[in-house]
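The opening residue of the sequence shown carries number -12 in the numbering used here; numbering runs sequentially from there. C-beta atoms are modelled at their ideal positions from N, C-alpha and C, and glycine is treated no differently. Treat the numbers as computed from the prediction; the structure is a model and nothing was measured.
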Amino acid sequence: MEIFCYKEISADSIDDLLKRISEKVSNAMSYNQEKIYLLMRERENLSPTAIGKGVLLPHIRIDDITSHFIFVFVLKEEIQYTTPDGLPVRFVFCIVSPSESKTEYLRLVASIVRMLKDDNLYKQISMADDTDKIRDIVASVLTQKGA
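Below, the structure written as structure tokens:
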């Protein structure tokens, strides 16, 4: 599993955000940007991935990869979007997993949701002043036994 973190991401809309995210994801994975964007857009159209607390959690599975990738994006400015609690989006946690790895994929989604529902961990991520701190928090949660 690889974890990447980016701050100061700017976007005008959720669609623009998904395009910018897909660019970062494709560069990190050396994978086709258009395919990543289309999968994210399709997933978002199927069921919005906003989970509350200003978090968007796009998650996709891809046929021809063998590793799991976690991407954390801290937005420069919040984006209005339909969210469960009405808060605008300010963080994006993106999961890209191999298609055949459904169990680990679901575990990663559940672990990130639990992490963000933990007020202490959410505060640590919100207050982190650099990407290394955010990456360390996420890595420690995702590598815990039973997470």
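Please state if the CB of P85 and the CB of I52 are separated by a distance shorter than 7 angstroms.
-> Residue numbering aside, residue 52 sits at position 65 when the sequence shown is read from its first letter. Residue numbering aside, residue 85 sits at position 98 when the sequence shown is read from its first letter. The answer is yes: Cβ separation under 7 angstroms.
Could you check what DSSP says for S86 in three-state terms: helix, strand or coil?
-> Reading the sequence shown from its first residue, position 99 is the one you call residue 86. In the structure shown, S86 sits in coil (DSSP, three-state: anything other than H, G, I, E or B).
Among K40, L74, E91 and S34, the one whose alpha carbon lies nearest that of F56 | The residue given as residue 56 occupies position 69 in the sequence shown. The shortest C-alpha separation from F56 is found at E91.
For R27 versus S9, is the C-beta spacing smaller than 7 angstroms?
-> One-based indexing of the sequence shown puts residue 27 at position 40. One-based indexing of the sequence shown puts residue 9 at position 22. According to the sequence shown, residue 27 is Met rather than Arg. Result yes, Cβ atoms of M27 and S9 sit closer than 7 angstroms.
Are the segment 115 to 124 and the segment -12 to 4 touching, with three or more C-beta to C-beta distances below 8 angstroms?
-> Verdict: yes, contact present.
May I have a chain-ordered list of the alpha helix (DSSP H) segments no shorter than 4 residues that lie completely inside the segment 15 to 39?
-> Entirely contained in the segment 15 to 39, the alpha helix (DSSP H) runs reaching 4 residues are, in chain order, 20 to 33.
Can you list, in chain order, the residues of its chain whose CB lies under 6 angstroms from that of Y18, leaving out five sequence neighbours each side?
-> Locating residue 18 in the sequence shown gives position 31, where the first residue counts as 1. So no residue of the chain qualifies.
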